[in-house]
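Below is one structure, written out as structure tokens, with a few remarks after it.
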Amino acid sequence: MTYQFNPHAHVKIWLSKDKDSFLNLENILRLLTVRDNNPNDTIHFVYDSLLLSEQAQRELAYFCKKCNLHPVDVRSDVFPVCKTENEKKLIELYENEILHIHEGGNLAAASDILRWLSPVYERGTYTDFDTYLNTSSLPQFIPVEKPLLFHIGSIIHPDGLECIALNTDTIAVIDSQAASEQINTIQEDLIKACKRQPQTPADTTISQRLAEIAAQYKQYKLNPEALTVANYNLVRKLAELSAGKTIVETRQAILSLTLQQLSVYMTSDDDMPDEIRSQLLKESVIYTTGPGVIPPKNN
1 MTYQFNPHAH
11 VKIWLSKDKD
21 SFLNLENILR
31 LLTVRDNNPN
41 DTIHFVYDSL
51 LLSEQAQREL
61 AYFCKKCNLH
71 PVDVRSDVFP
81 VCKTENEKKL
91 IELYENEILH
101 IHEGGNLAAA
111 SDILRWLSPV
121 YERGTYTDFD
131 TYLNTSSLPQ
141 FIPVEKPLLF
151 HIGSIIHPDG
161 LECIALNTDT
171 IAVIDSQAAS
181 EQINTIQEDL
191 IKACKRQPQT
201 PADTTISQRL
211 AEIAAQYKQY
221 KLNPEALTVA
231 NYNLVRKLAE
241 LSAGKTIVET
251 RQAILSLTLQ
261 QLSVYMTSDD
271 DMPDEIRSQL
281 LKESVIYTTG
291 PGVIPPKNN
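In UniProt numbering, the protein residues as written are 1 to 299.
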């Protein structure tokens, strides 16, 4: 069986951490390039109005109108249309990330969630902003053998073995009904990933991995506490921080601990004494011209 893939419908997602900017300059230029390369394609711009000021929303509307983009607000155009239990759970997880945006929330994780909601993926092919996109030479429809398409990449394991891996920088749902089983599995995996404790590459909890490390050293009658093994103390501390917490809660704990222990001195370059500035720049950049020049000292 074949499915008819329309390569001329696209989805871009951007969640802004700056309420006064709907999209940074680099990605504005990328989006303009996409529009220039694909003048007749349909491009949907997915955003969250809750993250933007009124001025930023007006600028977004103007930009979309001028560039012939279709703005899609998750608040009015996506969430109210989601009906399945998996999608409702994903929305809750999305809201949790957004609610804690300055306290361990992760906009990248929130974006990962949005691309697997039906009102988003049924609009067209999702691609990251840094993914090259030019469909000008492609026909209106392309027959494909699968209802769900991914970009294929590869990963190299520590032992040197290279394996094929799915890359979600490009996602095309050709037939959502035919791909429903795969989509449900992906949604369920996302839900589990957002709720579980942080995992190690061996897919064991951090506490379990800590016990394994200790057992390995004790096997050779070594005390892991006395070894200068970087991973051990870090894993132990992370195990303590993450005990009984979700990934978001763990990030919050890490941020809180960092703020408690980190002391940062901030100053402008012009206010810095010459001696300090000279020392800081010694190994990197030395001003030789301009208002910031440091005159040589007479010995």
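Beta carbons: idealized from backbone N, C-alpha and C, even for Gly.
Check: Pro201 versus Asn40 - alpha carbon distance; Outcome: With a pLDDT of 47 at Pro201, under the threshold of 50, the modelled position of that residue is not reliable, and no figure is offered here.
Check: Neighbourhood of Ala179 by C-beta, 7 Å cutoff - its chain only, sequence neighbours within 5 removed; Outcome: Pro147, Leu148 and Val173
Check: Closest by C-alpha distance to Arg115, when choosing among Phe141, Phe150, Glu145 and Thr33; Outcome: Phe150
Check: Close-in-space but distant-in-sequence residues of the same chain around Gln57 (CB under 8 Å, 5 per side omitted); Outcome: Phe22 and Ser49
Check: Inter-residue Cα distance where the pair is Ala253 and Lys19; Outcome: 25 Å
Check: Which of helix, strand or coil DSSP assigns to Ile174; Outcome: coil
Check: Residues that DSSP places opposite Ser154 in a beta bridge; Outcome: Ile164
Check: Reduced DSSP secondary structure (H/G/I, E/B, other) of residue 336; Outcome: The displayed coordinates of the chain run from 1 to 299. Any statement about residue 336 would go beyond what the structure contains.
Check: Whole runs of the alpha helix (DSSP H) within the stretch 30 to 118, excluding any shorter than 4 residues; Outcome: 54 to 67, 85 to 99 and 107 to 114
Check: Buried versus exposed, by CB contacts within 10 Å (16 or more), Thr127; Outcome: buried
Check: Local Cβ density within 10 Å of Val81, reported as buried at 16 or more and exposed below that; Outcome: exposed
Check: Own chain partners of Ala110 with C-beta closer than 7 Å, once the 5 adjacent residues on each side are dropped; Outcome: Leu15, Tyr94, Glu97 and Ile98
Check: Alpha-carbon spacing of Glu240 relative to Ser76, whole angstroms; Outcome: 40 Å
Check: Whole-angstrom C-beta distance between Leu190 and Ile113, which should lie under 8 Å; Outcome: 6 Å
Check: Those residues which DSSP pairs with Gln182 across a bridge; Outcome: According to DSSP, which records beta bridges pairwise, Gln182 is partnered with nothing at all.
Check: Assumed close pair Thr135, Asn38 - CB separation to whole angstroms, cut-off 8 Å; Outcome: 5 Å
Check: Cβ neighbours of Thr170 in the same chain (closer than 8 Å, five flanking residues each side left out); Outcome: Thr125, Tyr126, Thr127, Asp128, Thr131, Leu149, Phe150 and His151
Check: CA-to-CA distance, Gly160 to Pro71, given in whole angstroms; Outcome: 44 Å
Check: Rounded separation between Leu187 and Leu51 - CA only; Outcome: The residue you asked about is not Leu; residue 187 is Gln in the sequence shown. Going from the Cα of Gln187 to the Cα of Leu51 covers about 24 Å.
Check: Simplified DSSP assignment, three categories, for Leu23; Outcome: coil
Check: Bridge partners - Leu142, DSSP secondary structure assignment; Outcome: Reading off the sequence shown, one finds Ile at residue 142, where the question assumed Leu. In the DSSP output, where bridge partners are listed per residue, Ile142 has Phe5.
Check: Cα-Cα separation between Ile155 and Leu117, rounded to whole angstroms; Outcome: 27 Å
Check: Cβ-Cβ separation, Val120 to Val78 (assumed contact under 8 Å), whole Å; Outcome: 6 Å
Check: Range of the contiguous beta strand (DSSP E) that encloses Thr127; Outcome: Thr125 to Thr127
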